[in-house]
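Residue numbers for the sequence shown follow the numbering used here, so the first one is 421 and each next one is one higher. Beta carbons are placed, not taken as given, at the ideal position from N, Cα and C, and that holds for glycine.
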Amino acid sequence: MDNENVNNQLNLVEDEDENARRIREINLQSLQTQQAINDLRMLIADLRERPICAPRRIQHGAMRRENGGRLHCAFCNADGQHQSDSCPQVRDGESRRQILDSERRCHTCFAVLRIACPGDRRCRRWANPCYHCRAYGHHSAICELPDRSDVVMWRRLQRAREALRSAEARLERLRGDLRILL
Numbered sequence: 421m422d423n424e425n426v427n428n429q430l431n432l433v434e435d436e437d438e439n440a441r442r443i444r445e446i447n448l449q450s451l452q453t454q455q456a457i458n459d460l461r462m463l464i465a466d467l468r469e470r471p472i473c474a475p476r477r478i479q480h481g482a483m484r485r486e487n488g489g490r491l492h493c494a495f496c497n498a499d500g501q502h503q504s505d506s507c508p509q510v511r512d513g514e515s516r517r518q519i520l521d522s523e524r525r526c527h528t529c530f531a532v533l534r535i536a537c538p539g540d541r542r543c544r545r546w547a548n549p550c551y552h553c554r555a556y557g558h559h560s561a562i563c564e565l566p567d568r569s570d571v572v573m574w575r576r577l578q579r580a581r582e583a584l585r586s587a588e589a590r591l592e593r594l595r596g597d598l599r600i601l602l
C-alpha cells in the first residue's frame with residue numbers, strides 16, 4: 421500500500437470516529453432534552469390541577485342589601501359604594517385580614533369578636549363557604565386565592581409552556597442532525 425492509500429484509510433477511520441462521537445453526543449443530548457420535555461409536561465399538568473380562580477372584581481356604584489339597607493365596606497368604611505370583596509382601597513386578602521385582626525373582628529362575618537361574634541365555628545356565617553376557594557372559616561373578601569392564582573400561576577404556566585415549545589424544537593433539531601449523520 422502506498423502512503424496516499426494509508427493516509428486515505430487513516431482519514432476514513434478518523435472521520436468514522438468523529439462521526440460516531442457526534443452520534444453519541446446527539447443521542448445523549450436527545451435523551452436529556454426528552455427528559456426535560458417529560459418534566460415540563462408533568463409541571464404543566466401539575467399547574468393545571470392547582471386551584472385557581474378569577475381575579476377579584478372591583479366594582480363601584482350604589483350597593484344595597486336585600487333588605488334595602490346600604491352596604492358598608494369592612495375595610496375602607498365606604499358606605500353604599502361597594503361590597504367589601506370589591507374594595508378598591510384595600511385590594512389584597514392579606515391586607516384585609518390585617519385590618520380585621522387589628523380591629524379584632526371575625527374573619528367570617530366581620531363582627532367585633534367576643535361582643536357580636538364568638539369568632540369560631542359558632543359564627544353565624546361559618547357554614548357559608550368562600551366564593552373563591554370554597555373553604556369554610558373565612559369571608560370571600562379576605563381569601564388569598566385570587567391574589568395568588570390569577571397572576572402567579574398564569575405566569576408560571578406560560579413560562580412552562582414556552583420552555584416546552586423550546587425543548588420540543590431543540591429535540592427536532594437534534595433528530596434532524598442525527599438523520600444527516602446516519
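When the Cα atoms are used, what is the spatial distance from residue 454 to residue 470?
Reading the sequence shown from its first residue, position 34 is the one you call residue 454. Reading the sequence shown from its first residue, position 50 is the one you call residue 470. One C-alpha to the other measures close to 25 angstroms.
Say whether the segment 542-550 touches the segment 522-532, bearing in mind that this needs 3 or more beta-carbon pairs closer than 8 angstroms, one atom from each stretch.
Judged by Cβ distances under 8 angstroms, the segment 542-550 makes contact with the segment 522-532, as three or more pairs qualify.
I think residue 595 touches residue 450, with their Cβ atoms under 8 angstroms apart; what is that distance to the nearest whole Å?
Here residue 595 is taken as the residue at index 175 of the sequence shown, counted from 1. Here residue 450 is taken as the residue at index 30 of the sequence shown, counted from 1. The beta-carbon distance between residue 595 and residue 450, rounded to whole angstroms, is 7 angstroms. This is short enough to meet the 8 angstroms contact definition.
Out of 465, 437, 495 and 583, which has the shortest C-alpha to C-alpha gap to residue 561?
Start at 1 with the first residue of the sequence shown, and residue 561 comes out as number 141. Among 465, 437, 495 and 583, the Cα nearest to that of residue 561 belongs to 495.
Please determine, among 566, 588, 456 and 540, the residue with the shortest C-alpha to C-alpha distance to residue 552.
Stepping through the sequence shown from its first residue, residue 552 is reached at position 132. Of the candidates 566, 588, 456 and 540, the one whose C-alpha sits nearest the C-alpha of residue 552 is 566.
Residue 525 - DSSP class collapsed to helix/strand/coil:
In the sequence shown, the residue the question calls residue 525 occupies position 105. Looking at residue 525 - three-state DSSP - the assignment turns out to be strand.
Roughly how many whole angstroms lie between the Cα atoms of residue 603 and residue 517?
Any answer about residue 603 is impossible in this case: the structure gives the chain only from 421 up to 602.
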